[in-house]
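Using the numbering used here, the first residue of the sequence shown is number 263, and each one after it goes up by one.
Everything on this sheet refers to the single structure shown next.
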Amino acid sequence: MSNHDPHQPIVLGDEPEGIRRDLQQHSKTNFMRCLQCRACSSGCPVYFAMDLGPNRIIRLLQLGQFEQAMQNSTIWICVGCDTCSSNCPMAIDIPAVMDVLRQYALDMNASIPTPDIIGLHNEILASIERYGRTHKLEIMLRYKVKNKPWFEDMDIGIKMLSKRKLHLFPSKVKTTEDIREIFRTAKPISWPSEKRHEHI
Ligand code: SF4
Ligand code: SF4
């Protein structure tokens, strides 16, 4: 169930330009063109679980409310499926924006509404590094071993196995070495240092 409160007021930020420019450069998208048409949120498959829809995250960024955007569950719930950017009439790459916000949030130790979700993100990345794609069953088992919600969602897992939505064994892409090289050479994105003490 969403905690989304559409009546929550948005307050204008006071010194947003440098951070906004940095965010746009790293995500390679100009979210200032957003029209607030909400096509992104209406098509998002996990909107029901988010605090705010993707359109409201973009709105916060337009208004310079980076702290609110970073402390929101939405950026961690987003699965990067690209449905929103395919629907966007302004071709805004919303998953890329979410990705940069997650890295800013980690760099700034921002408070995260559901902290265990970082463990899930780490398992997904580790799976991609190992196989070049995700092996969902292994991700779920590794996550459960570390976080110990042993029987939570067990019924869903059994249903997915019976419908062959989960594979028992992983499959690998042929270019796993290239994928690992990307992981070795990727540099994390940091919060713009000159603004470090002004926010959060
Ligand atoms: S679909 Fe694009 S233009 Fe419309 S609200 Fe979402 S980000 Fe903004
Ligand atoms: S990329 Fe994220 S915000 Fe966009 S539709 Fe998928 S889950 Fe929703």
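Every residue, glycine too, gets a C-beta built ideally from N, C-alpha and C.
Could you tell me how far apart the beta carbons of residue i and residue j are, in whole angstroms, since I believe they sit closer than 8 Å?
i, j, result
"TYR405", "LEU382", "5 Å"
"CYS346", "GLY280", "Going by Cβ atoms, the distance from CYS346 to GLY280 rounds to 26 Å, so no, they are not a contact pair."
"ASP440", "ASN409", "At roughly 31 Å, the Cβ-Cβ gap does not stay under 8 Å, so ASP440 and ASN409 are not in contact."
"ASP361", "SER335", "Not really, about 16 Å apart at Cβ, beyond 8 Å."
"CYS299", "ILE356", "With a Cβ gap of about 13 Å, CYS299 and ILE356 do not count as contacting."
"ILE386", "ILE401", "6 Å"
"THR376", "TRP338", "7 Å"
"GLN365", "ILE444", "Between ILE444 and GLN365 the Cβ distance is about 15 Å, and since that is not below 8 Å, they are no contact."
"CYS343", "PRO307", "6 Å"
"LEU428", "GLY419", "7 Å"
Tell me the residue span of the alpha helix (DSSP H) that contains residue i.
i, result
"ALA331", "328-332"
"LEU440", "Sequence inspection shows Asp at residue 440; the Leu mentioned does not correspond to that position. Note, ASP440: alpha helix (DSSP H), 438-447."
"TRP338", "336-339"
"TYR309", "Per DSSP, TYR309 belongs to no alpha helix (DSSP H) and is neither H nor E."
"MET402", "398-409"
"VAL359", "356-369"
"ASP415", "Unbroken run through ASP415: none, as it is neither H nor E."
"ILE374", "That residue, ILE374, is in no alpha helix (DSSP H); it is neither H nor E in DSSP."
"GLN298", "Looking at the DSSP string, GLN298 is not in any alpha helix (DSSP H), and its letter there is neither H nor E."
"CYS346", "345-349"
"HIS429", "First-last for HIS429: undefined, no H or E at that position."
"GLY280", "279-289"
"PRO454", "Here PRO454 belongs to no alpha helix (DSSP H), and DSSP marks it neither H nor E."
"ARG321", "316-324"
Using C-beta distances below 7 Å, list every residue in its chain close to residue i, excluding the 5 sequence neighbours before and after it, in chain order.
i, result
"ARG446", "none"
"MET294", "GLN324"
"GLN287", "none"
"HIS461", "Low per-residue confidence applies at HIS461: pLDDT is 49, beneath 50, and the placement is therefore not dependable enough to give any value."
Can you find the residues in the same chain that come closer than 8 Å, C-beta to C-beta, to residue i, ignoring five residues on each side of it along the sequence?
i, result
"PRO454", "GLY280, ILE281 and ASP284"
"THR437", "GLY394"
"SER264", "Residue placement at SER264 is poorly supported in this model, since its pLDDT is 45, which falls under 50; the coordinates are not used for a value here."
"SER289", "ASP355, ALA358, VAL359, ASP361 and VAL362"
"PRO351", "LEU297, CYS299 and ALA301"
"ARG442", "GLU391"
"ALA448", "none"
"VAL435", "TYR393, GLY394, ARG395 and ILE441"
Once you ignore the five residues that flank residue i on each side, which residues in its own chain have a CB closer than 6 Å to its CB?
i, result
"PRO278", "GLY326"
Using 8 Å as the Cβ pair cut-off and three pairs as the minimum, do the segment 395-414 and the segment 310-319 touch? no
Determine contact between the segment 320-334 and the segment 363-381, defined as no fewer than three beta-carbon pairs at a distance below 8 Å. yes
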